[in-house]
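Numbering (my numbering), first residue to last: 23 to 138.
Notes to accompany the following structure.
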């Protein structure tokens with residue numbers, strides 16, 4: 023089992039920045055992939071960024087060059103640095119951990135609102 027707690031969301035003006043954090047506890051030694059997803063009402067949850075155990079990263083086209091995913095293994099935390107935010111980045115952001123058995127664990131989500 024893995025328990026995840028996200029933080030760092032909030033209201034920000036277009037062009038601003040936020041850093042999301044996802045702190046993990048539990049059986050994190052078996053995690054292979056950590057990711058951030060976002061969801062807006064009426065739409066499916068979509069992948070924003072992921073980082074593998076060997077630190078390979080992948081980003082949605084819409085956030086490339088603006089968002090950076092990183093992990094701090096000592097703190098068991100994964101981050102999402104979001105710069106040059108746009109209104110279309112608004113949504114609930116969730117972190118996901120996937121272990122070696124292919125099981126996925128989700129956090130409770132944190133709201134990000136980009137608006138003037």
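In this text, a Cβ means the ideal position worked out from N, Cα and C, and glycines have one as well.
Rounded separation between residue i and residue j - CA only
i, j, result
"residue 53", "residue 128", "13 Å"
"residue 70", "residue 88", "11 Å"
"residue 94", "residue 65", "31 Å"
Nearest-angstrom Cβ-Cβ length linking residue i and residue j, presumed shorter than 8 Å
i, j, result
"residue 117", "residue 60", "The pair is not a contact, with the Cβ atoms about 11 Å apart (cut-off 8 Å)."
"residue 132", "residue 115", "5 Å"
"residue 49", "residue 121", "7 Å"
"residue 29", "residue 43", "5 Å"
Local conformation of residue i per DSSP, three classes
i, result
"residue 52", "helix"
"residue 110", "helix"
"residue 61", "strand"
"residue 121", "strand"
Proximal residues to residue i (C-beta, below 6 Å), its chain only, five neighbours per side dropped
i, result
"residue 45", "27 and 99"
"residue 67", "59 and 61"
"residue 103", "41 and 90"
"residue 33", "135"
Spatial neighbours of residue i in its chain, beta-carbon cut-off 8 Å, leaving aside the 5 residues before and after
i, result
"residue 39", "103, 104, 105, 106 and 107"
"residue 125", "none"
Requested in this report: Give, in chain order, every unbroken run of the alpha helix (DSSP H) that is at least 4 residues long and sits entirely within the segment 63-111.
Outcome: none
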